[in-house]
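Participant: Going by my numbering, the first residue of the sequence shown is number 310, and it counts up by one from there.
Idealized CB from N, CA, C, for every residue including glycine.
Note that the coordinates shown come from a computational prediction; the quantities given were computed from them, not determined experimentally.
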Amino acid sequence: MFLVLEDKRIIFICLPFFFLAANRDPIVKILGSDYNTMKEDSIALNILGKITRDDDPESEIKMKIAMLLKQLDLHLLNHSLKHIPLEISLSPVAVKKDIELLKRFSGKGDQTVLESIEYTSDYEFSNGCRAPPWRQTHGEICYVLVKPHDGETLCITCSAGGVFLNGGKTDDEGDVNYERKSSIYKDLVTFLREKSPKFSENMSKQGISVNEDQQKDNDQLGRVPKKEEAAAFRKDISGTDKRSLEKNQINFGRNQMTKRWEPSLNWKTTVNYKESKGSAKEIQEDKRTGKLEKTRPSISHGRAQLLRKSAEKIEEIISDSSSESEEDEEPPDHRQEASADLPSEYWQIQKLVKYLKGGNQTATVIALCSMRDFNLAQETCQLAIRDVGGLEVLINLLETDEVKCKIGSLKILKEISDNPQIRRNIVDLGGLPIMVNILDSPHKSLKCLAAETIANVAKFKRARRVVRQHGGITKLVALLDCAHDSTKPAQSSLYEARDVEVARCGALALWSCSKSHTNKEAIRKAGGIPLLARLLKTSHENMLIPVVGTLQECASEENYRAAIKAERIIENLVKNLNSENEELQEHCAMAIYQCAEDKETRDLVRLHGGLKPLASLLNNTDNKERLAAVTGAIWKCSISKENVTKFREYKVIETLVGLSTDQPEEVLVNVVGALGECCQEHENRVIVRKCGGIQPLVNLLVGINQALLVNVTKAVGACAVEPESMAIIDRLDGVRLLWSLLKNPHPDVKASAAWALCPCIENAKDAGEMVRSFVGGLELIVNLLKSDNKEVLASVCAAITNIAKDQENLAVITDHGVVPLLSKLANTNNNKLRHHLAEAISRCCMWGRNRVAFGEHKAVAPLVRYLKSNDTNVHRATAQALYQLSEDADNCITMHENGAVKLLLDMVGSPDQDLQEAAAGCISNIRRLALATEKARYT
310 MFLVLEDKRI IFICLPFFFL AANRDPIVKI LGSDYNTMKE DSIALNILGK
360 ITRDDDPESE IKMKIAMLLK QLDLHLLNHS LKHIPLEISL SPVAVKKDIE
410 LLKRFSGKGD QTVLESIEYT SDYEFSNGCR APPWRQTHGE ICYVLVKPHD
460 GETLCITCSA GGVFLNGGKT DDEGDVNYER KSSIYKDLVT FLREKSPKFS
510 ENMSKQGISV NEDQQKDNDQ LGRVPKKEEA AAFRKDISGT DKRSLEKNQI
560 NFGRNQMTKR WEPSLNWKTT VNYKESKGSA KEIQEDKRTG KLEKTRPSIS
610 HGRAQLLRKS AEKIEEIISD SSSESEEDEE PPDHRQEASA DLPSEYWQIQ
660 KLVKYLKGGN QTATVIALCS MRDFNLAQET CQLAIRDVGG LEVLINLLET
710 DEVKCKIGSL KILKEISDNP QIRRNIVDLG GLPIMVNILD SPHKSLKCLA
760 AETIANVAKF KRARRVVRQH GGITKLVALL DCAHDSTKPA QSSLYEARDV
810 EVARCGALAL WSCSKSHTNK EAIRKAGGIP LLARLLKTSH ENMLIPVVGT
860 LQECASEENY RAAIKAERII ENLVKNLNSE NEELQEHCAM AIYQCAEDKE
910 TRDLVRLHGG LKPLASLLNN TDNKERLAAV TGAIWKCSIS KENVTKFREY
960 KVIETLVGLS TDQPEEVLVN VVGALGECCQ EHENRVIVRK CGGIQPLVNL
1010 LVGINQALLV NVTKAVGACA VEPESMAIID RLDGVRLLWS LLKNPHPDVK
1060 ASAAWALCPC IENAKDAGEM VRSFVGGLEL IVNLLKSDNK EVLASVCAAI
1110 TNIAKDQENL AVITDHGVVP LLSKLANTNN NKLRHHLAEA ISRCCMWGRN
1160 RVAFGEHKAV APLVRYLKSN DTNVHRATAQ ALYQLSEDAD NCITMHENGA
1210 VKLLLDMVGS PDQDLQEAAA GCISNIRRLA LATEKARYT
């Protein structure tokens, strides 16, 4: 508004933009209709001409007003044009350009970004859209079918508001299900990057050529807007042509939109730490050599600081000597680029954080409440709080005396700490010690929130260590002591209900902290086991889940397993197997799996009726996590023969055979392990064979999972004890697969495969010919005697014992140097290795001059020392080996010198008939040699 005072002073008041919207011709409104006679001339020139022709004494004032109006008009117009492009979203032209560019880099082959991309409709409307008219009213432009290299075909909706996944094509009529099934992304490339790692990887490889193509297109499109803009600004704004102004505004806005919303196919959105260091080196080299390369995108100071922090964290994890065996790997911090389009919530949250920083107590509480109205589970909202410094403010609020501010802050921190990067930032800012101190607060709500937030944050090693170092474990264990009457089925008092909630939150935090070996020991020393045992009797399922979860984690320690037996926890674990809550069933089964390493625990599970619910849970295969826990518990319980008998009654073996195919590896490891234990009995081997279980087991021999290979070789070896099953294994080429596993790099797999070969060779028809048919097989197994692993050596010696039963095979392995290798192993204290080594030596003595060779390689004297062992199996095998070696006179002398006669005399009276015969035979040979020597002396 303009006011002209009598002293010719002008008061100028700026009017908002809506003034011009309502007054299309403000000059006419203010100065009169005489000024509405202009045609194509400039407004300013016409006004000046009219004013200079008038004799009005106030013409100078009018002229100044006219000029001010002109300046105001241009200022408001320019201001509005800056904001119009911000409100314009995707256009059909931009979407089409994105799709055409992606088509250019799609096709068969590993180097292409996509397998295919095509429209669902070939018809294009005049406005560039391909969506039906009734969907265009919702802003939808087209629908695209995209087939990435690493996933199924995606049906995508491209709309003015962004790109999202729809419900796909219907099966009956092939129509598109328009319902949105994912978040909205700013463009097609961003969507595909999120959904397909292979797309993102190949885009990075194709980045240079794609960017060049895009730059050419941008240059071509960029020339036209500049001309149109210049024309629009050169054109005079006529007062008589109102539509001309509107048209210029719209055209200018469209030009800006085209320029701003050009599809930006910048494939490299994140910076790898190593790549950044490499880029810096390249730039320095270019400077030294005088080469001027194309300017690379610079890394902001904040991003560089982030990269340094990430490198420090990696070094910290590598150099940490903690004994923790299970660590959660933290993903790298991908901050959003400053130029990325962010939703309005991002900016709104940042405004609220500013109120938190500068407001009084009331404003702070209101800001906290307003912040909780947002979806804090959304990553954008979480990062908005972090990026503007909100985490520092929230943590600082925890140190105030205002309970309401603490509660509001903890509620927000609890929700956003689900984000791995937020967890790390909270630890970096020193938030955990403050939360640990809050555990001493008299306010139960604060205790609960602090414990729940600690449970979220303590999911990586450093956070768990901080909690322990600041006395958090002891304080969390103390929270478990709040629920005195938690065993009652219902809590009538609000006070008691809060006590139960405090204990639940404490158990939840201990569950997260118990992934550390040191923390497990701290929980035990703080008296956590009796409290957990007491809470296990409660009827509150939400309490039971974290309690059983904590016990499940801790049961991996031997001290805990002993304490669990002492506290009679197994009975309650078995009881909760009958719960309707699947998560509770899973954790109870996993706890039994951990504890059932001990025979007494396995017996307790059977005595408390735990085998039947485990068997019934096998029938529900939808929940794979629970199925893995249940099959694991069955596997460990199957180690006891009494439990196997029960499982046979409950038809568990047939069910396990059915689960040996089309299951995740976690399930298969346990299923095959259970079958391996069950097949130690004849009745169960028959059941497995009749149910067709041999072929699935042999098929699993080609896997790569170490634990699965160890279990499946054991199961196949157990089945091979029966000739009928062995015939099936041989027909399926199972022996060759077992032999090939001797090349596996893992010692456990090698040992298990060698043990499995023993019954295969023993029960196969024409075993000698079968073994010789494996090219290089005998040389391979002899070379395994050079291993440093005692289990591998024992299993290979057992296999050689069976191979040497065939004279031709014995001759071949003798040529490969089996005698010196066996002799080299003689000086061992491992009874298991002693047993099988002595048997192998006994067998190998039956070819040529091997008896003499063993003596020459000094294997006899160590064998005599084996007779001092406490193992009867070692005695029997050693006596048999000495009996074979005593056929050579020099060996008899060595035995006599090392005191073998006295030891063997004691064994002649053994109840073991084979040991009696071998000991007597060896003494007989030594005595004959002595008599012959004495006779020769006198004659």
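Just mark valine 712 as buried or exposed, buried being the case when its beta carbon has 16 or more other beta carbons within 10 Å.
Facilitator: Counting Cβ neighbours within 10 Å, valine 712 comes out exposed, since fewer than 16 surround it.
Participant: Please determine, among Asn890, Glu891, Glu889, Asn885, the residue with the shortest C-alpha to C-alpha distance to isoleucine 901.
Facilitator: Of the listed residues, the one whose Cα sits closest to isoleucine 901 is Asn885.
Participant: Any idea if histidine 610 is buried or exposed, counting beta-carbon neighbours within 10 angstroms, 16 or more meaning buried?
Facilitator: Note that histidine 610 has pLDDT 39, beneath the 50 cutoff, so the model's placement of it is unreliable and no number is given.
Participant: DSSP on valine 1183, reduced to helix/strand/coil?
Facilitator: If DSSP states are grouped into helix, strand and coil, valine 1183 belongs with the helices.
Participant: Is the distance from the Cβ of leucine 1119 to the Cβ of tryptophan 1156 below 8 Å?
Facilitator: In contact: leucine 1119 and tryptophan 1156 (Cβ atoms closer than 8 Å).
Participant: Pick from Arg695, Ala676, Ile694: whose alpha carbon is nearest that of isoleucine 716?
Facilitator: Out of Arg695, Ala676, Ile694, Ala676 has the C-alpha closest to the C-alpha of isoleucine 716.
Participant: Who are the near neighbours of glycine 858 in its chain, counting only those whose CB is closer than 6 Å to its CB and skipping five residues on each side?
Facilitator: The residues are Trp820, His896.
Participant: Which first and last residues belong to the beta strand (DSSP E) in which leucine 474 is found?
Facilitator: That run of the beta strand (DSSP E) goes 471-478.
Participant: Pull up the distance between the alpha-carbon of leucine 1131 and that of arginine 1152, whole angstroms please.
Facilitator: So the alpha carbons of these two residues sit roughly 12 Å apart.
Participant: In whole angstroms, give me the CA-to-CA distance for glutamate 591 and arginine 733.
Facilitator: Note that glutamate 591 has pLDDT 38, beneath the 50 cutoff, so the model's placement of it is unreliable and the number below is only indicative. Roughly 32 Å separates the two Cα atoms.
Participant: My parser needs the beta strand (DSSP E) runs of 3 or more residues fully inside the stretch 943-996; what are they?
Facilitator: The qualifying runs do not exist here; there are none.
Participant: Taking a contact to mean a Cβ-Cβ separation below 8 Å, would you say valine 697 touches leucine 741 in this structure?
Facilitator: Not in contact: valine 697 and leucine 741 (Cβ atoms no closer than 8 Å).
Participant: Thinking C-beta only, is alanine 1147 closer than 8 Å to alanine 1108?
Facilitator: Contact: no.
Participant: Report the rounded CA-to-CA distance for glutamate 724 versus glutamate 1100, giving the unit in angstroms.
Facilitator: The straight-line gap from Cα to Cα measures roughly 50 Å.
Participant: If you draw a straight line from the C-alpha of lysine 583 to the C-alpha of threonine 421, how long is it?
Facilitator: Low confidence applies to lysine 583: its pLDDT is 36, below 50, so where it sits in the model is not reliable, and the reading given next is rough at best. Computed Cα separation, rounded: 25 Å.
Participant: Per the DSSP calculation, cysteine 451 is bridged to which residue(s)?
Facilitator: In the DSSP output, where bridge partners are listed per residue, cysteine 451 has Cys467.
Participant: Exposed or buried, glutamate 594, counting other C-beta atoms within 10 Å across all chains shown (16 or more means buried)?
Facilitator: Confidence in glutamate 594 is poor, its pLDDT being 38 and thus under 50, which makes the residue's placement unreliable; the coordinate value appears in the next sentence. When all chains shown are included, glutamate 594 counts as exposed.
Participant: Which same chain residues, not among the five before or five after glutamate 963, have their C-beta less than 7 Å away from its C-beta?
Facilitator: Cβ neighbours of glutamate 963 beyond the five flanking positions: Ile996, Cys1000.
Participant: Apart from the five residues just before and just after valine 811, which ones in its own chain have a Cβ nearer than 7 Å to its Cβ?
Facilitator: Excluding sequence neighbours, valine 811 sits near Lys753, Lys756, Cys757, Leu788, Cys791.
Participant: Which stretch, first to last residue, makes up the alpha helix (DSSP H) that contains glutamate 891?
Facilitator: 891-904 is the span of the alpha helix (DSSP H), which, as asked, contains glutamate 891.
Participant: Would you kindly report the start and end of the unbroken alpha helix (DSSP H) that includes asparagine 928?
Facilitator: Looking at the DSSP string, asparagine 928 is not in any alpha helix (DSSP H), and its letter there is neither H nor E.
Participant: Given threonine 1022, which residues of its chain have a CB within under 6 Å of its CB, disregarding the five upstream and five downstream residues?
Facilitator: Counting only Cβ-Cβ distances below 6 Å, and skipping sequence neighbours, we find Ser1061, Ala1062, Ala1065.
Participant: Helix, strand or coil: how does DSSP classify leucine 738 here?
Facilitator: It is coil, neither helix nor strand.
Participant: Residues in the same chain with beta-carbon distance under 6 Å from alanine 938, minus the five sequence neighbours each way, listed in chain order, please.
Facilitator: Closer than 6 Å at Cβ, skipping near neighbours: Glu895, Ala898, Met899.
Participant: Rounded to whole angstroms, what is the Cα-Cα separation between arginine 681 and tyrosine 664?
Facilitator: One C-alpha to the other measures close to 14 Å.
Participant: Nearest to asparagine 890 by CA position, among Val498, Gly836, Met852, Arg489, is which residue?
Facilitator: Nearest option by C-alpha distance: Met852.
Participant: Going by CA-CA distance only, name the one from Pro1056, Ile1013, Pro1054, Leu1006 that's closest to glycine 1043.
Facilitator: Checked all of Pro1056, Ile1013, Pro1054, Leu1006; the closest Cα to glycine 1043 is Leu1006.
Participant: How many Å lie between alanine 686 and aspartate 727 at the Cα?
Facilitator: Taking the straight line joining both Cα atoms gives about 8 Å.
Participant: Judging by CA-CA distance, which residue of Asn828, Lys490, Arg813 is the nearest neighbour of arginine 843?
Facilitator: Cα-wise, what sits closest to arginine 843 is Arg813.
Participant: Would you check if the distance between the CB atom of aspartate 1057 and the CB atom of valine 1091 is smaller than 8 Å?
Facilitator: For aspartate 1057 and valine 1091, no; Cβs fall outside 8 Å.
Participant: Comparing alpha-carbon positions, which option in Glu701, Ala760, Ile747, Arg771 lies nearest proline 729?
Facilitator: Closest by alpha carbon: Arg771.
Participant: Alpha carbons only, please: which of Ala1135, Asn1182, Gly1208, His1145 is nearest the one belonging to lysine 1167?
Facilitator: Considering only alpha carbons, the answer is Ala1135.
Participant: Check whether the stretch 1194-1208 touches the stretch 1170-1181, counting contact only when three or more Cβ pairs, one atom from each stretch, lie closer than 8 Å.
Facilitator: Output reads yes: the stretch 1170-1181 touches the stretch 1194-1208.
Participant: For alanine 767 and isoleucine 735, what's the separation of their Cα atoms in angstroms?
Facilitator: Rounded to the nearest angstrom, the two C-alpha atoms are 10 Å apart.
Participant: By alpha-carbon positions, which one of Lys1133, Ile838, Lys824 ends up nearest to phenylalanine 769?
Facilitator: It is Lys824 whose Cα lies nearest to the Cα of phenylalanine 769.
Participant: Let me check understanding here. Comparing Cα to Cα, which of Ala672, Glu761, Ala693 lies closest to isoleucine 658?
Facilitator: Nearest of Ala672, Glu761, Ala693 to isoleucine 658, Cα basis: Ala693.
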